[in-house]
Amino acid sequence: MPSKAESHKKAPLGLTIAALGTLLFLHVPMWIIFLYTFTPEEQTFTFPLPGFTAKWYGAAIQRDDLWRALTLSLQVAAIATIAALILGTLAAAAVYRSKFFGREAVSFLLVLPIALPGIVTGIALRAAIGGLEIPFSFWTIVIGHATFCVVVVYNNVLARFRRMQGSQIEASMDLGANSFQTFRYVVLPNIATALLAGGMLAFALSFDEVIVTTFTAGQQTTLPIWIFSQLTRPRERPVTNVVATFVILITFLPILFAQRISAQSSDTEGETK
Amino acid sequence: MSFILRCISKWAVNMMINASMPAIHFDKVSRHFGEVKAVDQADLEIRDGEFFSMLGPSGSGKTTCLRMIAGFDKPTSGQIYLYGQNVSDLPPYERDVNTVFQDYALFPHMNVGDNIAYGLMVKKVEKSERTRRVNDMLDLVKLAGYAGRKPSQLSGGQRQRVALARALINHPKVLLLDEPLGALDLKLRQQMQVELKAIQQRVGITFIFVTHDQEEALTMSDRIAVFNEGKIIQVGTPSEIYEKPASPFVAGFVGTSNLVSGEAAKRITGTEQMFSIRPEKIHLGSANGKLDKDMISVDGVVRDVIYLGLFTRYLVEIEGGGDLVVVEQNLKTTSMDVLSAKGQKVRLSWHKDHISHVGG
Amino acid sequence: MLNRVSTYFYQRPGLVLALLLGPPMVYMLVVYLGSLFALLVNSFYYLEEFTGLIVREFTLQTYAQIFNPANREIFFRTATMAGVVTLVDALIAFPLAYYIAKFASPKFKTWLLIAVTIPLWSSYLVRVYAWKLILAKEGILSWFINLFQLDGLLQWLLSFESIGGSSLALSPVGMFIVFVYIWLPYMIIPIQTSLERVPGSLLEASSDLGAKPLQTFRNVILPLAFPGVVAGSIFTFSLTLGDFIIPLVLGNSKYFIGQAVYSYQGTGGNIPLAAAMTMWPVAIMIVYLLTARKLGAFDAL
Numbered sequence: 000m001p002s003k004a005e006s007h008k009k010a011p012l013g014l015t016i017a018a019l020g021t022l023l024f025l026h027v028p029m030w031i032i033f034l035y036t037f038t039p040e041e042q043t044f045t046f047p048l049p050g051f052t053a054k055w056y057g058a059a060i061q062r063d064d065l066w067r068a069l070t071l072s073l074q075v076a077a078i079a080t081i082a083a084l085i086l087g088t089l090a091a092a093a094v095y096r097s098k099f100f101g102r103e104a105v106s107f108l109l110v111l112p113i114a115l116p117g118i119v120t121g122i123a124l125r126a127a128i129g130g131l132e133i134p135f136s137f138w139t140i141v142i143g144h145a146t147f148c149v150v151v152v153y154n155n156v157l158a159r160f161r162r163m164q165g166s167q168i169e170a171s172m173d174l175g176a177n178s179f180q181t182f183r184y185v186v187l188p189n190i191a192t193a194l195l196a197g198g199m200l201a202f203a204l205s206f207d208e209v210i211v212t213t214f215t216a217g218q219q220t221t222l223p224i225w226i227f228s229q230l231t232r233p234r235e236r237p238v239t240n241v242v243a244t245f246v247i248l249i250t251f252l253p254i255l256f257a258q259r260i261s262a263q264s265s266d267t268e269g270e271t272k
Numbered sequence: 000m001s002f003i004l005r006c007i008s009k010w011a012v013n014m015m016i017n018a019s020m021p022a023i024h025f026d027k028v029s030r031h032f033g034e035v036k037a038v039d040q041a042d043l044e045i046r047d048g049e050f051f052s053m054l055g056p057s058g059s060g061k062t063t064c065l066r067m068i069a070g071f072d073k074p075t076s077g078q079i080y081l082y083g084q085n086v087s088d089l090p091p092y093e094r095d096v097n098t099v100f101q102d103y104a105l106f107p108h109m110n111v112g113d114n115i116a117y118g119l120m121v122k123k124v125e126k127s128e129r130t131r132r133v134n135d136m137l138d139l140v141k142l143a144g145y146a147g148r149k150p151s152q153l154s155g156g157q158r159q160r161v162a163l164a165r166a167l168i169n170h171p172k173v174l175l176l177d178e179p180l181g182a183l184d185l186k187l188r189q190q191m192q193v194e195l196k197a198i199q200q201r202v203g204i205t206f207i208f209v210t211h212d213q214e215e216a217l218t219m220s221d222r223i224a225v226f227n228e229g230k231i232i233q234v235g236t237p238s239e240i241y242e243k244p245a246s247p248f249v250a251g252f253v254g255t256s257n258l259v260s261g262e263a264a265k266r267i268t269g270t271e272q273m274f275s276i277r278p279e280k281i282h283l284g285s286a287n288g289k290l291d292k293d294m295i296s297v298d299g300v301v302r303d304v305i306y307l308g309l310f311t312r313y314l315v316e317i318e319g320g321g322d323l324v325v326v327e328q329n330l331k332t333t334s335m336d337v338l339s340a341k342g343q344k345v346r347l348s349w350h351k352d353h354i355s356h357v358g359g
Numbered sequence: 000m001l002n003r004v005s006t007y008f009y010q011r012p013g014l015v016l017a018l019l020l021g022p023p024m025v026y027m028l029v030v031y032l033g034s035l036f037a038l039l040v041n042s043f044y045y046l047e048e049f050t051g052l053i054v055r056e057f058t059l060q061t062y063a064q065i066f067n068p069a070n071r072e073i074f075f076r077t078a079t080m081a082g083v084v085t086l087v088d089a090l091i092a093f094p095l096a097y098y099i100a101k102f103a104s105p106k107f108k109t110w111l112l113i114a115v116t117i118p119l120w121s122s123y124l125v126r127v128y129a130w131k132l133i134l135a136k137e138g139i140l141s142w143f144i145n146l147f148q149l150d151g152l153l154q155w156l157l158s159f160e161s162i163g164g165s166s167l168a169l170s171p172v173g174m175f176i177v178f179v180y181i182w183l184p185y186m187i188i189p190i191q192t193s194l195e196r197v198p199g200s201l202l203e204a205s206s207d208l209g210a211k212p213l214q215t216f217r218n219v220i221l222p223l224a225f226p227g228v229v230a231g232s233i234f235t236f237s238l239t240l241g242d243f244i245i246p247l248v249l250g251n252s253k254y255f256i257g258q259a260v261y262s263y264q265g266t267g268g269n270i271p272l273a274a275a276m277t278m279w280p281v282a283i284m285i286v287y288l289l290t291a292r293k294l295g296a297f298d299a300l
């Protein structure tokens, strides 16, 4: 199956087929959801589709519980992203600027919430919040989300700091700008794209999160929790399909955008010496 | 042109005020990084209006000294004075000193004009004034009309000039240049050396130039400080450094040199103290040639001859042991002739003043 | 003036560091590590059966409960699933990773990598849900199986006690398929990264020295890709260990760790037991991470 890497272009047929197959395996299930948004049947998932209708899109718009869940998800994601942007940038700046005892520990600590299974974070927070007798609310959800969103911004901003010429900051100060002016005129423009990319990733991460959220929410229902409830006690199944399709779009578009921004900025700034 | 006039008048005023005051004064400056002594008890005086080079191999402390003058590094001990003012504690933006960085450090998100005007912008100079002065600078560095371009669109040499303009526009008291020509190819580098020197003489600002290229230092400088391992070994004019090196290191680092010590030295000069003699100062004569007054000589046998077009290099084994390298221009000979010198007995001679005792 | 404030801070880098590092570290230490520590402490308490209250005394009896047969079975089941999923994911991921690393032109490569990461970012829950559709009794997969007249095979598979169930959508086999699908991108990317780092000249040297393609693969490519495989396996293993949604949605009544924890702390209010159970995946993950670091997996991350 694998061959000598004599030319960069031609791959053996077997390998190409296997690769293609894997790609399809990854993507087809999502297309199938889209397909099922058009089935007229409410209760089952019959294939082939017994009919074709767009009425579920209308039905989805009518569902108040859906709108409430969506609004809540957007609000949580927005606040968690802002918190992540601030905390992540501060941490990245600290790690980039100075060598201090425990520097590697910072990166390790920040990545833990994402590295450990969600259930660990979830249950730990639940136990702690409950133990302190704090009521579960919008803010407990946000606190939970912020823990794993910070690292996404941190990584992006730190990487961008490292690619930046350190001498730019020195040059700015040399030319008469104090630290605040240097931050405003030189540092901020340089990391702007990283902030944008990191922020979008954090937003998508928070918007999609379900495991930690189930543990830290009180009566609130975010969109993923709504979907989760539909998985176990469904009502108007195809509406769930509509929502699912919508969620796919709303999370991958920011990611795509973030990738393009990061790619662009690494191209152009590589040219300046 | 108005920029030039302004610089000249500023220079004149400064001349009168600062004529006796050194531009930079190092008072026993040291910079330690833990155990490592990057700069060790450096004492230095740089004169107003001179083109001063700091020369030395990598890690010799010259760049550290430059950074301490700029304010990016703080001395572990000692004081630094800028025209009499103690600046050791001041951050870079409080010092009237500007730097041209080795990697130019142009701001990629601003165009050339904004880059150059940066120093004026942070001091809240008005826009029309800024534009005027930027255009003056662009004329000075021969980049007129480039204000709208982005740094990524420029060549290395052009970026270097923008960096220079960006620093000079602020009329600093001292301009620091950290190996600015290192990334340029040979022809461009030689061209820039001439231009930089010309600009310095026009604006009259003290330039402090860091380099590891001794030819560059010799070409451009009024005076040179030679650094090694954190210490300043010798300070002098290019000819002083070259003709009278004070240590074996300087003799070997600036140009090539013959270092003679011990037995052989005793035979030639009467003492065992190490001396240095430049290869081009040695005259290759026949074995029994007549000697002029004031000439020192030693006999030897030619071991090797290398023909290099413009000149020929001879390796001569001298009486008493050791080799001397002799370099002679091929004024009258052809390759055939010089190669035949191999194996012959010769008498080497040189003027006694051309020796430099390096206190080995 | 602002300059003076700036200079004040400039001369005190330690202060600046504290101000920069302070907020994020305080947040993480207090909120995150604090909670984890509280959880650990909780695992040493126990739940009084009669009163239903948590007794805050140091004891190991909750940990002892973990080792009873029912819980042991849960651990074993979860770990086995995690292991098999990791293995299969590695096998499936490899061809695609190899193709991307070695045969795709640079432009195509970016697009392929985006194509691989899109599922990752497209909402985990939705992707699980997709399989519920596909695996349903009357759904697409059944339709295909009927088409190829493989239902006999399917029924035989489902008849096994340990991996079967009433239908594909509610069985360990179904769960297995979904696990493999869900974590696949996490395996593809590290393998691709470590394969990318294998210089083409090594492969040429190998064949120049007389190795046949298969030998080159076994002796050169595989060992160099191994750290990537280990890195990917960190994700697949740990994520499977802690997951409770897939077992809940697609499982039968046999519990996995995640579900057990979820149920214990929920209605049972038995936080100590839930905590103690959670400690095990954490411990396994730490050991796994340390071994992986030794094997060089972190370079591929």
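Chains as they are written, first to last, in numbering that gives the first Met the number 0: chain A, 0 to 272; chain B, 0 to 359; chain C, 0 to 300.
We put the beta carbon where it would ideally sit given N, CA and C, even for glycine.
Check the Cα spacing between aspartate 242 of chain C and each of C/Val127, C/Ala96, C/Ser121: the tightest is with C/Val127.
Inter-segment contact for the region 246 to 258 of chain C and the region 68 to 88 of chain A is absent: fewer than three beta-carbon pairs are separated by less than 8 Å. Interface annotation for the region 122 to 140 of chain C against chain A: Ser122, Tyr123, Leu124, Val125, Arg126, Val127, Tyr128, Ala129, Trp130, Lys131, Leu132, Ile133, Ala135, Glu137, Gly138, Ile139, criterion Cβ-Cβ distance under 8 Å.
The alpha carbon of leucine 19 of chain C has as its nearest neighbour, out of A/Trp66, A/Arg96, A/Gly57, the alpha carbon of A/Arg96. With respect to the C-alpha of glutamine 264 of chain C, the residue from A/Thr192, A/Thr213, A/Phe206, A/Glu41 having the closest C-alpha is A/Thr213. The DSSP-derived three-state label of histidine 26 of chain A is helix. In terms of Cα proximity to valine 185 of chain A, the closest of A/Leu34, A/Gln164, A/Cys148, A/Ala243 is A/Gln164. Contact between the region 61 to 76 of chain B and the region 87 to 98 of chain B is established, with three or more Cβ pairs separated by less than 8 Å.
Fully enclosed beta strand (DSSP E) runs of no fewer than 3 residues occupy 76 to 81, 96 to 99 of the region 71 to 155 of chain B, in order along the chain.
Short of 6 Å from the beta carbon of glutamine 40 of chain B, and not among the five residues preceding or following it, lie these beta carbons of its own chain, in chain order: Lys27, Ser29.
For leucine 283 of chain B, the enclosing beta strand (DSSP E) covers residues 282 to 285. Assigned with DSSP and collapsed to three states, phenylalanine 107 of chain A falls in helix. Taken in chain order, the members of the region 100 to 115 of chain B whose beta-carbon sits within less than 9 Å of a beta-carbon on chain A are Phe100, Gln101, Asp102, Tyr103, Ala104, Leu105, Phe106, Pro107, His108, Met109. Between isoleucine 190 of chain A and arginine 159 of chain A a beta carbon distance of about 5 Å is seen, short of the 8 Å cut, so the two are scored as contacting.
Residue pairing by DSSP places glycine 235 of chain B opposite B/Ile223 in a beta bridge. Rounded to the nearest whole angstrom, the C-alpha separation of glutamate 262 of chain B and alanine 286 of chain B is 22 Å. Here threonine 250 of chain A has Ala203, Phe206, Asp207 as same chain residues with Cβ atoms under 7 Å from its own Cβ, once five neighbours each way along the sequence are excluded. At least one CB atom of chain C sits nearer than 8 Å to the CB of serine 178 of chain A. About 20 Å separates the beta carbon of alanine 126 of chain A from that of alanine 63 of chain C, a gap too long to meet the 8 Å contact definition. For the options B/Gly299, B/Leu81, B/Glu239, the alpha carbon positioned closest to that of arginine 346 of chain B is the one of B/Gly299. Those residues of the region 139 to 154 of chain A placed with their C-beta closer than 7 Å to a C-beta in chain C are Ile142, Thr146, Val149, ordered along the chain. Restricting attention to B/Met219, B/Leu185, B/Met136, the CA atom closest to the CA of glycine 118 of chain B is found in B/Met136. At the C-beta level, isoleucine 53 of chain C and proline 271 of chain C come within 8 Å of one another. Pairing lysine 122 of chain B with leucine 252 of chain A, the inter-Cα distance amounts to about 43 Å.
For secondary structure counted as the alpha helix (DSSP H) over 4 or more consecutive residues, the region 158 to 232 of chain B holds these complete runs in sequence order: 185 to 202, 213 to 219. By a beta-carbon distance limit of 8 Å, proline 223 of chain A does not contact proline 280 of chain C. Their separation comes to about 22 Å. Straight-line measurement puts the Cα of alanine 274 of chain C at about 9 Å from the Cα of phenylalanine 43 of chain C.
Cβ atoms of phenylalanine 50 of chain B and glutamine 272 of chain B stay farther apart than 8 Å, at about 34 Å.
Our two residues, glutamine 263 of chain A and phenylalanine 310 of chain B, have alpha carbons roughly 54 Å apart in a direct line.
Serine 171 of chain A and alanine 91 of chain A have their C-alpha atoms some 20 Å from each other.
DSSP, read as helix, strand or coil, puts arginine 96 of chain A in helix. Here the C-alpha atom of proline 74 of chain B lies approximately 8 Å from the C-alpha atom of histidine 31 of chain B. The beta-bridge partner set that DSSP reports for glutamate 44 of chain B consists of B/His24. Alanine 164 of chain B and leucine 16 of chain C have their C-alpha atoms roughly 34 Å apart.
The beta-carbon separation of serine 178 of chain A and tyrosine 9 of chain C, rounded to 6 Å, stays under the 8 Å limit for a contact. Put simply, the CB of tyrosine 92 of chain B is near chain A, with a gap under 8 Å to one of its CB atoms.
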